[in-house]
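Asker:
There are 2 protein chains.
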Amino acid sequence: MAKRPTIKDVATKAGVSVATVSFVLNNASGQPIGKAVRDRVQKAAQRLNYQPNASAAHLARRRTRHVAIALYEEESLLSNSFYSRVVEGALKQALERDYHLLFSYLKSDYRGRNDLPAVITQRNTEGVLFIKRLVPAMVADISAIGVPIVAIDHYPPSPLVGSVSMDNRRGGELAAEHLRELGHEQLVVIAGGLDRTSIADRAHGFSDALHRWGYLRNRRQPLWKSNSLTFEGGYAAATKGLQKYPGTTGLFCVNDEMAAGAIRAAHELGYKVPQRLSVVGFDDIDMAKYLDPPLTTIGVDKLELGRRAMSQLLDQIEGRAARVIEERVGVQLVVRGSTAQVSKRKAKQPIA
Amino acid sequence: MAKRPTIKDVATKAGVSVATVSFVLNNASGQPIGKAVRDRVQKAAQRLNYQPNASAAHLARRRTRHVAIALYEEESLLSNSFYSRVVEGALKQALERDYHLLFSYLKSDYRGRNDLPAVITQRNTEGVLFIKRLVPAMVADISAIGVPIVAIDHYPPSPLVGSVSMDNRRGGELAAEHLRELGHEQLVVIAGGLDRTSIADRAHGFSDALHRWGYLRNRRQPLWKSNSLTFEGGYAAATKGLQKYPGTTGLFCVNDEMAAGAIRAAHELGYKVPQRLSVVGFDDIDMAKYLDPPLTTIGVDKLELGRRAMSQLLDQIEGRAARVIEERVGVQLVVRGSTAQVSKRKAKQPIA
DNA sequence: CTGAAAGCGCTTACAG
DNA sequence: CTGAAAGCGCTTACAG
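Chains as they are written, first to last, in the working numbering: chain A, 102 to 453; chain B, 102 to 453.
1. So the alpha helix (DSSP H) A/Ala422 belongs to, where does it begin and stop?
2. Within 10 angstroms of the Cβ of A/Lys233, are there 16 or more other Cβ atoms? Answer buried if so, exposed if not.
3. Three Cβ pairs or more, each shorter than 8 Å: is that satisfied between the stretch 329-349 of chain B and the stretch 271-281 of chain B?
4. Which chain B residues are close to A/Glu189, counting only those with a beta carbon under 8 Å from its beta carbon?
5. Within this structure, are the beta carbons of A/Leu202 and A/Ala195 separated by less than 7 Å?
6. Is the distance from the Cβ of B/Phe383 to the Cβ of B/Gly293 below 7 Å?
7. Please classify A/Arg297: is it buried, with 16 or more other beta-carbons within 10 angstroms of its beta-carbon, or exposed?
8. Let me see if you follow: with CB-CB separation under 7 Å, is B/Ser327 close to chain A or not?
9. Just list the beta strand (DSSP E) runs in the stretch 261-292 of chain B, keeping only unbroken ones of 3 residues or longer that don't cross its boundaries, in chain order.
10. Note down, in chain order, every chain A residue with its Cβ under 7 Å from the Cβ of B/Asn225.
11. Give the DSSP bridge partners of A/Ile399, in chain order.
12. Check whether the Cβ atoms of A/Leu267 and A/Val430 sit closer than 7 Å, and answer yes or no.
13. Can you tell me whether B/Val111 is buried or exposed? The criterion is at least 16 other CB atoms within 10 Å of its CB, across all chains shown.
14. Distance, Cα to Cα, B/Thr121 vs B/Asn128?
15. Could you name the residues of chain B that A/Asn150 contacts, counting a contact when the two beta carbons are closer than 7 Å?
16. Check whether the Cβ atoms of A/Leu406 and A/Ile300 sit closer than 7 Å, and answer yes or no.
17. In chain order, what residues of the stretch 304-329 of chain A put their CB closer than 9 Å to some CB of chain B?
18. In this structure, does DSSP put B/Val248 in helix, strand or coil?
19. Does B/Val265 come within less than 7 Å of chain A when only Cβ atoms are used?
20. With a cut-off of 8 Å on the beta carbons, I'd call B/Gly263 and B/Gln417 a contact; round off their distance for me.
21. Given this structure, state the Cα-to-Cα distance separating A/Thr113 from B/Arg105, to the nearest angstrom.
22. Please identify, using Cβ separations under 7 Å, the residues of the stretch 363-376 of chain A that lie next to chain B, in order along the chain.
23. What does a CB cutoff of less than 7 Å around A/Val220 pick up in its chain, not counting 5 residues either side in sequence?
24. According to DSSP, A/Lys373 sits in a beta bridge with which residue or residues?
25. Which residues in chain B have a C-beta closer than 8 Å to the C-beta of A/Tyr173? List them in chain order.
26. Opposite B/Gly351 in the DSSP bridges: which residues?
27. Tell me which same chain residues have a C-beta within less than 6 Å of the C-beta of B/Val236, skipping the five on either side of it?
28. Hey, does A/Tyr346 have any beta-carbon neighbour from chain B nearer than 7 Å?
29. At a CB distance below 8 Å, what residues from the stretch 292-304 of chain A approach chain B? Give them in sequence order.
30. Going along the chain, which residues of the stretch 235-268 of chain B sit with their C-beta nearer than 7 Å to a C-beta in chain A?
31. Output yes if chain A places a C-beta closer than 7 Å to the C-beta of B/Arg198; else output no.
32. Is there a Cβ of chain B sitting closer than 7 Å to that of A/Phe204, yes or no?
33. With 16 as the cutoff for other CB atoms within 10 Å, does A/Ser308 come out buried or exposed?
34. So, for B/Arg163: in the same chain, excluding its five sequence neighbours on each side, which residues have a beta-carbon less than 7 Å away from its beta-carbon?
35. In the DSSP assignment, what are the bridge partners of B/Arg234?
36. Measuring alpha carbon to alpha carbon, tell me which of A/Asn181, A/Arg313, A/His368 and A/Ser244 ends up nearest A/Asp385.
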């Protein structure tokens, strides 16, 4: 690397002190600097192609403008079609406010402060973003150091962190409303991971809506459980369920991957989607529109989720926000090809 | 943030000088330090929960251990199902070698050194990773500063950068071999973006293989052009092509998204895949296995792509690699449900 | 309106 | 084997 000019070089060239250079380059308010001097300094900096050394500035300011994001090794959130967009939103927001996002991978076990990621302890991170899962002990330790935390779509709940999530409950309601308007009366929810707040809320939103309409007056909401929130999980649950309850006409899957699996299962059992079975998913991941048929689902602005979280975190860092706000971003029904008016002849058996 | 202990506190507590603390904590070789002193220092650091301040160390060492990755605003590489894994691999490799990856978004126009991203100029980035596309003028400027560059799957080619790509040519060959073994004789390539080296190589690998077998002796390789490498692009190209050449039995799409679009088009035209039409894609993105039928495709280890690139970059930074190496990672055929033995009755019309 | 100087918390020749 | 001291390149009271 060629020898980079320092603030001293600029000062010499402009014929002023380094302090003055620092003031004009940082637009220090309160320091009234003459227009002429200002111009001279700027010209000199320009000509020398001067760029301040960030490390030195960080040290002197005792601020790094670094923010960390915690990822879990096993989950590869970064290549997850939902969370990668969330991360993208958070990253963009950070960059726009001149912060840098440092990524950190966490081990699944946490045994105390010594396990805190180096990013947080050494790099003087000013705030931490968590996605999806929270490790309470770690949260407590980070919080104790005085570093603010914001979590996105997380569980378990924690009073120590600010949070941003989507309106899962409302999403469930929207799904229910949609299927109801299409005349469905044999509705089931396919879900897994109900310990996660966001997932449970989706399922509850759905059945609460049906309750409200008296649809569930004399019965319980049928729930087909899956042991994972994946394509395979949805496939297995739907296969088993449809064989047992062939009269089902509408399926609400708590995420799109499961919905994709359910559609595959339905096809293999000879159900036509949507003619014979309507399916609605949740998340509106990229794949949704490429499924056959394209999936009706509940959409969320994933970038916004990330942006809002980062924004709240930076506000906390800069002291212009109270700690621990709970934000919620809206959700909307995206109607595509996997749902349709319920067919009149209520076939009790699959058509196949 | 609570007042953090400094190296001075550790020195005081251990009864040694700060120099000694620095030496033992950094395991400085060449500095023979007594076991007893070493222990005392370590104990003191432990007890104080001392963590060195990274900014100060960077400043003193004139090294940041920061590496940048350049992303383009319009492309959202981070939520692309292919590149997000590549990024993940690069990130993990960096972290494992104790570097930090700084993300930077680039504007599409570059007009000179002033447009160099702040991450590179201010943060003292020690190396830069490019993905997919290269802006030659920017590459030249970064290179001129003496900062090494490595690019992944990039175009246009550049003598200034190290590179890692997958063996696209071999991938094309594998696709051809596979379809040939299944007895296909009406083969077409669906491609777009042939200005990209990697894409062109895929198509060439495919037709070269056919040439070699004499398959193309008396004809040219049919190519259905698409104006984008997307689902929609593949859909449009296949729709048009299949209507014009209904006898086609095998399709090689230069990426999976196009293949997904082609399958959709085929279905809508009444072609059964794979009974009537075999389709092979390229990349093996997540979606591939969830398509109906699951897609036969050419797989690449995307994480490895990222890891190797980062590894090469760090080697260059640390001076243990020559500049500008060209690496290539292997590729393999992943057979799933979208390809089958060519059917005997050579229907000239779609079955629908 | 501007400058001299201390200080941020490390590293690293250098001297002993 | 260990310490005193200069230096990395900034920022920021403080004094004028």
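Glycine included, C-beta positions come from ideal geometry on N, C-alpha and C.
Answerer: Considering the structure as presented:
1. For the purposes of this step, residue 422 of chain A is identified with residue 321 of the first sequence, where counting begins at 1. Premise fails: A/Ala422 is in no alpha helix (DSSP H) and is neither H nor E.
2. Looking up residue 233 of chain A in the first sequence gives position 132. Per the 10 Å Cβ criterion, buried.
3. With contact defined as three or more Cβ pairs closer than 8 Å, the stretch 329-349 of chain B and the stretch 271-281 of chain B are not in contact.
4. Translated into positions along the first sequence, residue 189 of chain A becomes position 88. For A/Glu189, the chain B residues whose Cβ falls inside 8 Å of its Cβ are Ser177, Leu179 and Ser180, in order along the chain.
5. In the first sequence, residue 202 of chain A corresponds to position 101, counting from 1. In the first sequence, residue 195 of chain A corresponds to position 94, counting from 1. With contacts defined by Cβ atoms closer than 7 Å, A/Leu202 and A/Ala195 form a contacting pair.
6. Numbered from 1 along the second sequence, position 282 holds the residue referred to as residue 383 of chain B. Numbered from 1 along the second sequence, position 192 holds the residue referred to as residue 293 of chain B. Inclusion of B/Phe383 and B/Gly293 in the CB contact set at 7 Å is not warranted, their separation being larger than that value.
7. Against the first sequence, residue 297 of chain A aligns to sequence position 196. A/Arg297 is buried by the Cβ-count criterion.
8. The sequence position of residue 327 of chain B within the second sequence is 226, counting from 1. No - not a single Cβ of chain A is within 7 Å of the one on B/Ser327.
9. Counting only runs of 3 or more, we get 263-267 and 288-292.
10. Walking along the second sequence from the start, residue 225 of chain B turns up at place 124. B/Asn225 reaches chain A at Asn154, Ala155 and Ser156, counting residues in chain order whose Cβ is nearer than 7 Å.
11. Counted from its first residue, the first sequence places residue 399 of chain A at position 298. According to DSSP, which records beta bridges pairwise, A/Ile399 is partnered with A/Leu434.
12. Indexing the first sequence from 1 puts residue 267 of chain A at position 166. Indexing the first sequence from 1 puts residue 430 of chain A at position 329. For the record, residue 267 of chain A in the displayed sequence is Met; it is not Leu. In this structure, A/Val430 lies closer than 7 Å to A/Met267 by Cβ.
13. Mapped onto the second sequence, residue 111 of chain B falls at position 10. B/Val111 is buried by the Cβ-count criterion.
14. Numbered from its first residue, the second sequence carries residue 121 of chain B at position 20. Numbered from its first residue, the second sequence carries residue 128 of chain B at position 27. Those two C-alpha atoms are separated by around 10 Å.
15. Taking the first residue of the first sequence as position 1, residue 150 of chain A is located at position 49. What A/Asn150 touches in chain B, judged by beta-carbon distance under 7 Å, is Arg214, going in chain order.
16. Looking up residue 406 of chain A in the first sequence gives position 305. Looking up residue 300 of chain A in the first sequence gives position 199. Taking 7 Å as the Cβ cut-off, A/Leu406 and A/Ile300 do not qualify as a contacting pair.
17. The residues in question: there are none.
18. Translated into the one-based positions of the second sequence, residue 248 of chain B becomes position 147. Collapsing the DSSP output to three states places B/Val248 in coil.
19. For this step, residue 265 of chain B is matched to residue 164 along the second sequence. With respect to chain A, the C-beta atom of B/Val265 has no partner C-beta closer than 7 Å.
20. Position 162 of the second sequence holds residue 263 of chain B. Position 316 of the second sequence holds residue 417 of chain B. B/Gly263 to B/Gln417, Cβ: 7 Å. Contact.
21. For the purposes of this step, residue 113 of chain A is identified with residue 12 of the first sequence, where counting begins at 1. For the purposes of this step, residue 105 of chain B is identified with residue 4 of the second sequence, where counting begins at 1. Straight-line Cα distance between these residues: approximately 36 Å.
22. From the stretch 363-376 of chain A, only Arg365 and His368 have a Cβ closer than 7 Å to chain B.
23. Walking along the first sequence from the start, residue 220 of chain A turns up at place 119. Excluding residues up to 5 positions away in sequence, Ala169, Leu203, Ser205 and Thr226 lie with their Cβ nearer than 7 Å to the Cβ of A/Val220 in the same chain.
24. One-based indexing of the first sequence puts residue 373 of chain A at position 272. Looking at the DSSP output, A/Lys373 shares a beta bridge with no other residue.
25. Taking the first residue of the first sequence as 1, we reach residue 173 of chain A at position 72. For A/Tyr173, no chain B residue has a Cβ inside 8 Å of its Cβ, as the nearest lies near 13 Å away.
26. Counting from one through the second sequence, the residue named residue 351 of chain B turns up at place 250. Beta-bridge pairing links B/Gly351 to B/Leu288 and B/Ser379.
27. For the purposes of this step, residue 236 of chain B is taken as the residue at position 135 of the second sequence. The beta carbon of B/Val236 sits closer than 6 Å to the beta carbons of Tyr211 from its chain, once the five residues preceding and following it are set aside; these are given in chain order.
28. Sequence index remark: in the first sequence, residue 346 of chain A carries index 245 (1-based). No, because no Cβ of chain B sits closer than 7 Å to the Cβ of A/Tyr346.
29. Residues passing the 8 Å Cβ filter: none.
30. Answer in chain order: Ile246, Gly247 and Val248.
31. In the second sequence, residue 198 of chain B corresponds to position 97, counting from 1. Closer than 7 Å: no.
32. Walking along the first sequence from the start, residue 204 of chain A turns up at place 103. True, the Cβ-Cβ gap to chain B drops below 7 Å.
33. Mapped onto the first sequence, residue 308 of chain A falls at position 207. A/Ser308 is buried by the Cβ-count criterion.
34. As a first step, residue 163 of chain B is located in the second sequence; it is residue number 62 there, counting from the start. No residues qualify anywhere along the chain.
35. As a position in the second sequence, residue 234 of chain B is number 133, starting the count at 1. B/Arg234 pairs with B/Tyr256.
36. Position 284 of the first sequence, counted from the start, is the residue given in the question as residue 385 of chain A. Comparing alpha carbon positions, the residue from A/Asn181, A/Arg313, A/His368 and A/Ser244 closest to A/Asp385 is A/Asn181.
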